[in-house]
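Presented below is the structure to which this report refers.
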Amino acid sequence: MQKSVMTARIVLFGLFAMLCSVFISVAQAETPNTGWLKNPNHTPIETRFVLTGQINKVDQTVAGFLEIRLSGDWKTYWRSPGEGGIAPSMDWDDSQNIRNIDWYWPYPKRFDLLGIETLGYKGSVIFPMTLHIDDLNKPVTFKADLTLSSCTTICVLTDYPFELTFTPTDLTLSKEAMHVYAQGLSQVPKESALISDVKAVWDATKMQLQVTATKKMGWIAPDVLVDGPSDEMQDDNFSRPKIDVDGDNITATFDVSSWMGTPDLTGEDISVTLKDKEFIAEQPASIADGMITSSNGLQSIVKMILFALFGGLLLNVMPCVFPVLGMKLSSVISAQGLEKKQIKLQFLASASGIIFSFWLLASFLVVLKLSGSAIGWGIQFQSAWFIGIMALITVLFGANMLSLFEIRLSSNTNTWIASKGNNSYFGHFIQGMFATLLSTPCSAPFLGTAVAFALATNIPTMYGIFTALALGMASPWILVAIFPSIALSLPKPGPWMSKLKYLFGGMMLVTSIWLLNLLSNHLPELWIYGIAVIAGGVILLRTVQVHSKKAVGWLSILFAVTFGFGTVIDSMTSTDLLPAEPQWVPLSSESIQQYVNEGKVVFVDVTADWCVTCKANKIGVLLQEPVYSELNSTNVIAMQGDWTVPSEEITTYLQEHGRFGVPFNVVYGPSAPNGIELPVILNEKVVMDAIKKAGSKQ
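Note that the sequence shown covers residues -29 to -1, 1 to 669 in mature numbering (1 follows the signal peptide of the UniProt record, and there is no 0).
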C-alpha cells in the first residue's frame, strides 16, 4: 500500500515538473509586448507594440511592429496625410540603448470627405519597425509616447505610453509575431527592378508637378503618391493626380497648393509611391525645374465622351429597358394622329427625362463621393427602399397599361392641360426618367470604361460624361424628334394596339416580379410572399371587374406572358434547368495571391443579383460547356464577390482595378499574377483563352 502511494506521488511530481517546464518554455518563447492599450477617453482605438524576437547581429537591430485597431468608421493617417489629418508620431527620446528607429509605412487608402482628400488607414494597420541598438548584450528600455490622430466626421488626438525592457540577446523568435510582422511588411512599398526612369518636373507657372515612370509589363490601374521629408513638401497639398498611360510609360500630373504661400519644389528630394492593382513600389526622385508638356488629358476626355455616347446608345438594346421601350413604341404608334410639332415635343420631353435622371444620378454619386462613401454604377439597387419604390412604380405602370385604373383629374385641370396643346408631355418626361433608372442594373460595352473614368475624375468632368451617357441613350428619342416622319410612317393604330399594350403591361408586371425577387435580399421571404399575394390578388380582381367577360382572355395573355418571362428570370437562379453553381470561394485578395503562388488559376467573378448583364454572362457562358467544366477543374479556383448588398471589401477591390460597377471578371495565374481583365459581355473563347494564358508556363 505504501509502495503504491509512493509511486503515485512520484508520478504526480513528474507531471508537475513537466507542466512547470511547459509554462517556463512558453514564458521564454513569448516576446516582449505592451499588450493592447486603450485610452479611456477614446475607446474606439486600441494599439500595441510587439517585438518579434528577430535580431540582426551584424546591423545590431531588433524587429518589431506597431499595430493599431480602429473600430467603425474611424481612420488614422499615412506619413503625408493629405489635405487633413495628422500623421502618427512617436517620441522615444527617453528610451535607453536605442540609437534610432526605422518606421515603415504600408500603402494607404484614399478617403474623400466633403471634397477634402486624405490618405490613411481604416479597420486596422500594422507598422513594421526596426530598432537600432547600441549594444545587443545590454538591457534595452523602450519608452515612447505614441501620438495618434483618428477621425470620422470629427478628429481626436490621443496619446499612448509604451514601455518595454528587454535584452536583445535573450529574445526568442515568435512565429506568431513574425507572421503579423510579415503581413505588415508585405504592404510596405519598396524599390522595384520593374520601375525605371522615374523623373519629376516642377512647373512654377502652372503650379503643377509632373511625375513620369516606366514599368516593365505595362500598367493596368495605376495610382501615384508623392511626398518628401522637407518642410516645403510637408506644407504643400497635392491633388489626386491626372494619370495618362502610354504602354509601359505613365505620366501623373499633380496640382499643387500650399497654406503657407506660393510653393517652390525645385530641387526637392521626394519619394514616388506607385500602385498598380496588387503591385506597389517606392522610388526616389529629385524635382527639376522645367515646363510641363501638355498631356493627352483632353484627348482622353474626348475619347471617354465618345465611349459614353456609344455606351448610352447600347443601353437601349439591353434587357433592362425593354418594358419602357415597349411603352415608348406604343406612344410612337399612338402619335399617328398628332401634328409633327406635338410629336417633336413628346419625344423631346422623353429625352429631357433621360438627361435629367442622368444628372440626378450624377448628383447622387457626387454627394456620396464628397461624403467619403462608396460609389459605383447601379449601387442604388443595393437599397431596399429604391427597389421597393421601383417595384411599386412598375406595378402602377403595368396596371395602367392593362387599363386596370386611370388617373382622374378635375375638369379645370383637364381644361388647363388641353390648352397647352397636349396632355402627355409630363408623362413622356417620366417615361424617360423611368427608362434611365431601370437601365442601371445593365452594363454594356464602353459603358463601364466611361463610368469608371467619370467616377474617378473631377466633378465637372463627371457631369460631362454622364451627360454624354444621357445623350447616347436619348439619341433614338432625339432622332424621332428631329425627324417626326419616322413616327408617322409606322402602322396606323387599330385593335391590335390594345393587345400590344397589354403585352407591354405584362412585361412591366414581370419587371415588378423581378424587383420583388431582389427585395428578398433585404426582407424576410414571408413578407415578399405576402406582398406578392396581395398585389396579385388586387390585379386579378381589377382585371375581372374592368374587362368583365373578356377577363378570362386577358388573364390568359397576362399569365402566359408572366409565366414565359418569369421562367426566364427564375432560370437565372434555378438549379433545375441549369447545372449547379461552381464551388465559389469568397473573394479575397490575399487568397488570390496564395493560390497563384501554388500554381493555381483563379477566376474572379464580381456579380450582383440585380445585375442583368451578370445573369446573362452566367447563363450564357459560365454555366455552359466547356467553361463550366473548366471552372470546376482541380487547377482552377472559382472565386466570387457578391455586390448585391454594400460590401466595403468588394468596393475596394473594384476600385483598385479602376472599376465602379459589375459585372467584373478577372483571371489570375502563374503567367498572369496581375490578372487578365475580361470584357463586360463574356463569351466562351474569351474566358477559355484567358484561363489558358494565365495558367501556361512561360
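The beta carbon of each residue, even a glycine, is placed where N, CA and C say it ideally should be.
S600 versus Y566, S560, M659, residue with shortest Cα-Cα distance: M659
Which listed residue (K248, D174, P234) has its alpha carbon closest to that of T224: D174
Limits of the unbroken alpha helix (DSSP H) element including T438: From DSSP, the alpha helix (DSSP H) with T438 extends over 430 to 453.
C-alpha gap between Y131 and G282, whole angstroms: 53 Å
V96 to W49 span [Cα, whole Å]: 10 Å
Cβ contact check for the region 102 to 117 and the region 51 to 70: 3 or more pairs under 8 Å: yes
Sequence-distant residues of the same chain with beta carbon closer than 6 Å to A439, five excluded per side: Contacts found: I276, A279, L280.
Inter-residue spacing [alpha-carbon to alpha-carbon] between G238 and Q402: 59 Å
Residue range of the beta strand (DSSP E) that includes M61: 60 to 62
The beta strand (DSSP E) enclosing H103, as first and last residue numbers: 95 to 104
Whole runs of the alpha helix (DSSP H) within the region 615 to 652, excluding any shorter than 4 residues: Counting only runs of 4 or more residues that sit fully inside the region 615 to 652, the alpha helix (DSSP H) segments are 619 to 627, in chain order.
Whole-angstrom distance between I608 and E147, CA atom to CA atom: 28 Å
Member of T140, L84, F98 whose CA lies at the smallest distance from the CA of C126: Here the closest residue by C-alpha is L84.
Contacting residues, own chain, Cβ-Cβ under 8 Å from L156 (five flanking each side not counted): If we look at L156 and ignore the five residues flanking it on each side, its Cβ neighbours are Y75, P99.
N- and C-terminal bounds of the beta strand (DSSP E) containing Y48: 46 to 53
Local Cβ density within 10 Å of T18, reported as buried at 16 or more and exposed below that: With 16 or more neighbouring CB atoms inside 10 Å of its own CB, T18 falls in the buried class.
Chain-order list of residues whose beta-carbon lies under 7 Å from that of Y152 (same chain, five-residue window excluded): If we look at Y152 and ignore the five residues flanking it on each side, its Cβ neighbours are T23, A34, F36, P99.
Reduced DSSP category for W555 - H, G, I as helix; E, B as strand; rest coil: coil
Cα-Cα separation, K311 to I457: 10 Å
Span of the alpha helix (DSSP H), counted from its first residue to its last, around V288: Neither: V288 is in no alpha helix (DSSP H) and is coded neither H nor E.
Whole-Å CB distance - A423 paired with R630, under 8 Å assumed: 6 Å
Burial state of D580 (16 or more Cβ within 10 Å): buried
For F191, the three-state DSSP class (helix, strand or coil): The sequence as given places Ile at residue 191; Phe does not occur at that position. Note: I191 maps to coil in three-state DSSP.
Candidates I72, I26, T5, of which the one nearest F20 by Cα: Nearest C-alpha to F20: T5.
DSSP state of I502 mapped onto helix, strand, coil: helix
Contact check, T365 vs T482, beta carbons under 7 Å: yes
Helix, strand or coil at D660 according to DSSP, with G and I counted as helix: helix
Boundaries of the alpha helix (DSSP H) in which K146 is found, first to last residue: Note, K146: alpha helix (DSSP H), 146 to 157.
G591 (DSSP reduced to helix, strand or coil): helix
C-beta contact flag for K246 and Y78 at 7 Å: Yes; because the gap between Cβ atoms is below 7 Å, this pair is in contact.
Through-space distance from V573 to Y566, alpha-carbon basis: When rounded, the distance between both Cα atoms is 7 Å.
CA nearest to the CA of M372, picked from A661, L236, L480: L480
N654 versus L285: straight-line alpha-carbon distance, rounded: Roughly 18 Å separates the two Cα atoms.
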